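Single-structure report; data block below.
In the numbering used here, the protein residues as written are 452 to 742.
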């Protein structure tokens, strides 16, 4: 299976029925939907935000929640803060329009999550192995259980210096499951309740979340796997966009700076082909229900 499905559209309005069909098939099959001619247009006044100095000391991303009109992760204040929020809001709105237009099947089900702007360089960042996104991994959240919901992400490289966003895309999800799921110990009885009571998680961690999170950690911690796993290097050029189910596609961000990202969540019943979703693939492999 090829890693990319390239769609030569320049705006969401270019999404014909044929384009929509290709996009949803590729996305749910576990490919990256690449939009080389679709970018997020910035205002000249927004160039001042292209510096990692706008980040709060302990933040690696600027975050924005459209639902609550809340901005975080920045030291910007007053007019700068308002302008930064407006830029983030615009990306959130345009990303939603893109998803609604390209994947109309998802409209009744999809929920919008956080928007992020990532002005820091990925390469050379010091972190624990669990937080090291330069290692191949599938997305899973330790504090925020998704309970089987899909994690759909829209990215746009806006690097003004011509630098690409460089990814490795790894093995298909069923192959990852075959290698990693047998190494995951089943959750201890009562552990989900305890994690919530101790406020380690925001909600009950389902068996599905347990397996996804542990596979994420095992993948990142296995140096031999990182060295030997089959992968494809992809260089996303400046002013290009791409869409991916990051819970399904094994990926690693090797380098790049200045990136927009929008997260969406989709319940299992919202996809057109449930059999390819991580929930169904895991349940089939383990021969048990995870929700």
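From the three backbone atoms N, C-alpha and C, an ideal C-beta is built for every residue, glycine too. Predicted model only: the values in this text are computed from it and were never measured.
Among the residues of its own chain, which have a CB less than 8 Å from the CB of residue 525, if the five just before and after it don't count? Within the same chain, residue 525 has close Cβ partners 505, 506, 507, 510, 513, 532 and 535.
Taking only three categories from DSSP, how would you classify residue 713? In this structure, residue 713 counts as strand in the three-state DSSP scheme.
On a CA-only basis, which of 622, 648, 628 and 667 is nearest residue 454? Give me that one, please. Minimum Cα distance to residue 454 is reached at 622.
One or two residues paired with residue 696 in a DSSP bridge: 603.
CA-CA distance, residue 685 and residue 741? Taking the straight line from one Cα to the other gives about 33 Å.
List the residues that DSSP assigns as beta-bridge partners of residue 754. The question about residue 754 has no answer, for the chain in this structure spans 452 to 742.
Backbone secondary structure at residue 738 - three-state DSSP: Residue 738 sits in coil when the DSSP states are folded into three classes, being neither helix nor strand.
Which residue marks the beginning of the beta strand (DSSP E) containing residue 656, and which one marks its end? First-last for residue 656: undefined, no H or E at that position.
CA nearest to the CA of residue 500, picked from 539, 518 and 486: The shortest C-alpha separation from residue 500 is found at 539.
Reduced DSSP secondary structure (H/G/I, E/B, other) of residue 576: Correct three-state label for residue 576: coil.
For residue 596, the nearest candidate out of 659, 705, 693 and 727 (CA to CA): Selected option, being the one with the closest Cα: 659.
Candidates 502, 566 and 653, of which the one nearest residue 598 by Cα: Measuring from the Cα of residue 598, the nearest candidate turns out to be 653.
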